[in-house]
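Encoded as structure tokens, the structure appears first; notes follow it.
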Amino acid sequence: MKIKLSPRLEVIAGCVTGACSMADIGTDHGYLPVYLIENKGVSGAIASDINQKPLKKAQKIIDTQQLQKQIETRLGSGLSVLKPGEVEVVVMAGMGGLLIRDLLKVQPAVARAAKKLVLQPMNNQAVLRRYLETAGFLITREELAREGDRVYEIIVAEPGAMIVTTPLEYELGFEYYRHQHPLLGALIDRKIFLEQQIVASTQGRTTAVAAKQFQESSRFIEKLNEVKKCLSN
Ligand SMILES: C[S@@+](CC[C@H](N)C(=O)[O-])C[C@H]1O[C@@H](n2cnc3c(N)ncnc32)[C@H](O)[C@@H]1O
82 MKIKLSPRLE VIAGCVTGAC SMADIGTDHG YLPVYLIENK GVSGAIASDI NQKPLKKAQK
142 IIDTQQLQKQ IETRLGSGLS VLKPGEVEVV VMAGMGGLLI RDLLKVQPAV ARAAKKLVLQ
202 PMNNQAVLRR YLETAGFLIT REELAREGDR VYEIIVAEPG AMIVTTPLEY ELGFEYYRHQ
262 HPLLGALIDR KIFLEQQIVA STQGRTTAVA AKQFQESSRF IEKLNEVKKC LSN
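Numbering (my numbering), first residue to last: 82 to 314.
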């Protein structure tokens, strides 16, 4: 059976370059390691998940593709399933940005021993970028993938020091902010849409928290609109 990846997973797979070994943390269906072994020259992979059920799904596809010698499944949380330096590339995709940050934080030796981290947070991308900066990682590549009206952010990082020139880079990404990724306009539209929902739900509310959130989101929408204007000029 030929594995066909979704556009999001295809972009993630494209970021796993020049690696012999990789780990897919939170693998669920297991498509990514199978695809990388079959198509991208990866020779060994670890597919892990905290839950038994998804790991069984992954094992099933590994068995179907007869890749039991190349892909090992491991049950456990985050990077606790790995020894430092055991794989070259670690992928964590389809999880919340706060969870990805926390998983990196609790196993710093494993995170820092990987040559490359490929991270695809579903939300809280700015929090994750800020964490990477303070934990001594350099973002070397940023990619975007679109599926329907969602735009996914993919962050590639390795040990190193990062120079941040504007706080907007935490929100919109480093490389594609500078190089104006073709999906940057769509990403900004999506972020404006999400912030508008926050503005609508906090408008007119009198609690201090709601009023602060209203102001922050309104200001952020203004900034995003300014960046959008620059893109179209
Ligand atoms: C939405 S799926 C994403 C699957 C796949 N990585 C992708 O991007 O398509 C999230 C997976 O992460 C797993 N997960 C959640 N918390 C985890 C943790 N702390 N450690 C490892 N896996 C976790 C879930 O069981 C689930 O299978």
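Positions of the beta carbon are idealized from the N, C-alpha and C atoms, including for glycine. As the structure is a prediction and not an experimental result, all values here were calculated from the model.
Cβ neighbours of residue i in the same chain (closer than 6 Å, five flanking residues each side left out)
{"i": "residue 83", "result": "none"}
{"i": "residue 195", "result": "171"}
{"i": "residue 105", "result": "113, 114, 128 and 172"}
{"i": "residue 102", "result": "125, 168 and 169"}
{"i": "residue 271", "result": "232"}
Any non-hydrogen atom of ligand 1 within 7 Å of residue i CB
{"i": "residue 184", "result": "yes"}
{"i": "residue 108", "result": "yes"}
{"i": "residue 202", "result": "no"}
{"i": "residue 88", "result": "no"}
{"i": "residue 205", "result": "no"}
{"i": "residue 235", "result": "no"}
{"i": "residue 243", "result": "no"}
{"i": "residue 120", "result": "no"}
{"i": "residue 229", "result": "no"}
{"i": "residue 131", "result": "yes"}
Cβ distance (whole Å) where residue i is taken to contact residue j below 8 Å
{"i": "residue 190", "j": "residue 165", "result": "5 Å"}
{"i": "residue 229", "j": "residue 202", "result": "Going by Cβ atoms, the distance from residue 229 to residue 202 rounds to 18 Å, so no, they are not a contact pair."}
{"i": "residue 119", "j": "residue 146", "result": "7 Å"}
{"i": "residue 268", "j": "residue 238", "result": "About 19 Å separates the two Cβ atoms, so there is no contact after all."}
{"i": "residue 121", "j": "residue 97", "result": "6 Å"}
{"i": "residue 184", "j": "residue 236", "result": "Actually they are not in contact, since the Cβ atoms of residue 184 and residue 236 sit about 14 Å apart, beyond 8 Å."}
Exposure label - residue i; buried when at least 16 CB within 10 Å
{"i": "residue 300", "result": "exposed"}
{"i": "residue 142", "result": "buried"}
{"i": "residue 206", "result": "buried"}
{"i": "residue 274", "result": "exposed"}
{"i": "residue 245", "result": "exposed"}
{"i": "residue 263", "result": "exposed"}
{"i": "residue 310", "result": "exposed"}
{"i": "residue 290", "result": "exposed"}
Residue i - containing alpha helix (DSSP H), residue span
{"i": "residue 266", "result": "265 to 283"}
{"i": "residue 296", "result": "289 to 313"}
{"i": "residue 178", "result": "178 to 187"}
Endpoints, the beta strand (DSSP E) within which residue i is located
{"i": "residue 102", "result": "102 to 106"}
{"i": "residue 237", "result": "231 to 240"}
{"i": "residue 130", "result": "125 to 130"}
{"i": "residue 202", "result": "197 to 202"}
Cut-off 7 Å between Cβ atoms - residues of its own chain near residue i, not counting five sequence neighbours on either side
{"i": "residue 161", "result": "188"}
{"i": "residue 179", "result": "205 and 208"}
{"i": "residue 250", "result": "258"}
8 Å CB neighbourhood of residue i in its chain, flanking five on each side removed
{"i": "residue 280", "result": "295, 298, 299 and 302"}
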